[in-house]
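At position 91 of the sequence shown (counting the first as 1) the number is 95 in the numbering used here, and the numbers step up by one without a gap.
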Amino acid sequence: MRLFKPQGKLSPYVQAIWSLTVSKTNRSDLTKWLQVDACSGILFNLTEAVYLDDHFYSEKVILLPVEKHAHSMTWPPGTQLTGIRFHPGISFGVFNEHYEQPFALQDSELPANLHQLTRRMSDSPSHFSRLIRLYQWLDKDLPFSDKIAPAWRPVLNWMRQSESPADLPIGQRQIERQFRQLLSMTPKQFQRIKRIQSTQKTLKQTPDIDLAELALMHGFADQAHMTREFKQIARITPQKYRKQIASNK
Numbered sequence: 005m006r007l008f009k010p011q012g013k014l015s016p017y018v019q020a021i022w023s024l025t026v027s028k029t030n031r032s033d034l035t036k037w038l039q040v041d042a043c044s045g046i047l048f049n050l051t052e053a054v055y056l057d058d059h060f061y062s063e064k065v066i067l068l069p070v071e072k073h074a075h076s077m078t079w080p081p082g083t084q085l086t087g088i089r090f091h092p093g094i095s096f097g098v099f100n101e102h103y104e105q106p107f108a109l110q111d112s113e114l115p116a117n118l119h120q121l122t123r124r125m126s127d128s129p130s131h132f133s134r135l136i137r138l139y140q141w142l143d144k145d146l147p148f149s150d151k152i153a154p155a156w157r158p159v160l161n162w163m164r165q166s167e168s169p170a171d172l173p174i175g176q177r178q179i180e181r182q183f184r185q186l187l188s189m190t191p192k193q194f195q196r197i198k199r200i201q202s203t204q205k206t207l208k209q210t211p212d213i214d215l216a217e218l219a220l221m222h223g224f225a226d227q228a229h230m231t232r233e234f235k236q237i238a239r240i241t242p243q244k245y246r247k248q249i250a251s252n253k
């Protein structure tokens with residue numbers, strides 16, 4: 005897998021673009037749990053099929069919902085994928101609606117520019133060439149500045165930078181309204197997800213940390229509270245997540 009984080013004018017909107025290939029020599033499908041991030045994106049399926057939470061998709065372009073909990077993705081041998089991961093709240097401006105489940109665009113109904121993009125990426129021989137194609141399409145064909153209303157920018161910047169809500173130059177009701185509009189969740193839900201992300205990051209950096217200490221460090225009432233939040237949002241316990249980190253080393 006190769007991942008690239010755009011700089012310059014795309015950086016306020018796109019956190020990463022990526023390319024993945026599963027070797028044809030694999031004897032079985034590859035399943036991974038993807039961590040929750042309160043973000044959305046676009047998945048480009050350049051081969052046969054992919055499974056998202058056990059649902060089968062053969063279409064070439066799949067619009068992904070805002071992630072409110074971790075989910076699984078399964079890739080058969082030979083799979084080739086590329087994808088875009090937006091910053092929180094950006095996808096609503098791009099899609100102009102929210103999806104509760106991955107939404108596959110029918111291949112016969114793809115706009116000409118998307119059809120051309122998928123064909124060119126399918127013909128590209130390497131991760132690098134696919135990422136170049138994808139970056140060029142983003143730069144040319146997605147006019148983010150036209151799709152993102154100026155009134156949204158303070159909240160979008162806060163989502164990206166994780167500052168205190170008190171620092172926002174708008175009222176609490178407007179904050180609540182814009183969060184529901186842009187993410188289909190409340191600020192509190194968003195902060196719960198960000199706290200899980202932060203806790204997972206600490207576990208990766210210091211896997212031997214005492215879990216009770218970890219819970220207090222990240223503002224949970226106690227270790228039991230942290231475990232409940234992990235189960236609901238990350239779909240794994242902190243202890244199992246720690247073992248997963250160790251097994252991946």
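Using N, Cα and C, we set each Cβ at its ideal position, and we do this for glycine too.
| request: Please specify which runs of the alpha helix (DSSP H), each continuous and at least 4 residues long, are wholly inside the stretch 184 to 210, giving them in chain order. | output: 191 to 209
| request: Return the Cβ separation of Arg3 and Ala20 in integer angstroms, given the expectation that the two are a contact with Cβ distance under 8 Å. | output: Because the chain is modelled from 5 through 253, residue 3 falls outside the range shown and cannot be assessed.
| task | Quick one: grab the DSSP three-state call for Gly12. | result | helix
| request: Please name the residue in Gly97, Leu114, Arg124 and Ser128 whose C-alpha comes closest to that of Pro154. | output: Gly97
| query | Taking the alpha-carbon positions, what's the Lys28 to Thr35 distance? | reply | 15 Å
| query | Below 7 Å between beta carbons: does that hold for Ala74 and Arg177? | reply | no
| query | Excluding the five sequence neighbours on either side, which residues of its own chain have a C-beta within less than 8 Å of the C-beta of Glu233, listed in chain order? | reply | Arg196, Arg199, Ile200 and Phe224
| field | Status (buried if at least 16 other CB within 10 Å, exposed otherwise) for Thr86 | value | buried
| Between Pro80, Leu186, Trp141 and Phe194, which lies nearest to Asp33 when the distance is taken from Cα to Cα? | Pro80
| field | Residues near Thr51 by beta carbon distance below 7 Å, same chain, minus five either side | value | Gly82, Thr83 and Gln84
| How many whole angstroms separate the CB atoms of Pro16 and His91, which I take to be in contact at a CB cut-off of 8 Å? | 7 Å
| query | If we ignore side chains and look at the alpha-carbon of each, how far apart do Leu142 and Leu135 end up? | reply | 10 Å
| said: Using only CA atoms, which one of Arg184, Gly175, Tyr139 and Thr122 lies nearest to Pro10? | reply: Tyr139
| What whole-angstrom Cβ distance do Ile249 and Leu207 have, given they're in contact under 8 Å? | 6 Å
| Whose C-beta lies closer than 6 Å to the C-beta of Ile94 among residues of the same chain, with five residues either side of it excluded? | Tyr17
| message | Can you look up His322 in the DSSP assignment and give me helix, strand or coil? | response | Because residue 322 is not part of the residues shown, which for the chain are 5 to 253, the question remains open.
| task | Within the same chain, show all residues whose beta-carbon is closer than 6 Å to that of Tyr55, passing over the 5 residues directly before and after it, in chain order. | result | Thr78
| task | Mark Gly1 as exposed unless 16 or more other C-beta atoms lie within 10 angstroms of its C-beta, in which case mark it buried. | result | Because the chain is modelled from 5 through 253, residue 1 falls outside the range shown and cannot be assessed.
| message | Quick check on Arg137: buried or exposed, where buried means 16 or more other Cβ atoms within 10 Å of its Cβ? | response | buried
| task | Note down, in chain order, each residue of its chain lying with its Cβ closer than 8 Å to the Cβ of Trp211, except the 5 sequence neighbours on either side. | result | The residue you asked about is not Trp; residue 211 is Pro in the sequence shown. Correct list, in chain order: Arg246, Ile249 and Ala250.
| Could you give the residue range of the alpha helix (DSSP H) that holds Tyr55? | Where Tyr55 is concerned, there is no enclosing alpha helix (DSSP H), although the beta strand (DSSP E) it sits in stretches over Val54 to Leu56.
| Taking the Cβ atom as the reference point for each residue, do Ser44 and Val70 lie within a distance shorter than 7 Å? | yes
| Residue burial classification, Leu187 (beta-carbon count within 10 angstroms, cutoff 16) | buried
| request: Kindly indicate which three-state DSSP category Asn49 falls into: helix, strand or coil? | output: strand
| request: Go ahead and label Ile160 buried or exposed: buried means 16 or more other beta carbons lie within 10 angstroms of its beta carbon, across all protein chains shown. | output: Per the sequence shown, residue 160 should be read as Leu rather than Ile. It is buried - the Cβ of Leu160 has at least 16 other Cβ atoms within 10 Å.
| request: Count the other CB atoms, across all protein chains shown, that sit within 10 Å of the CB of Met125; report buried if there are 16 or more and exposed otherwise. | output: buried
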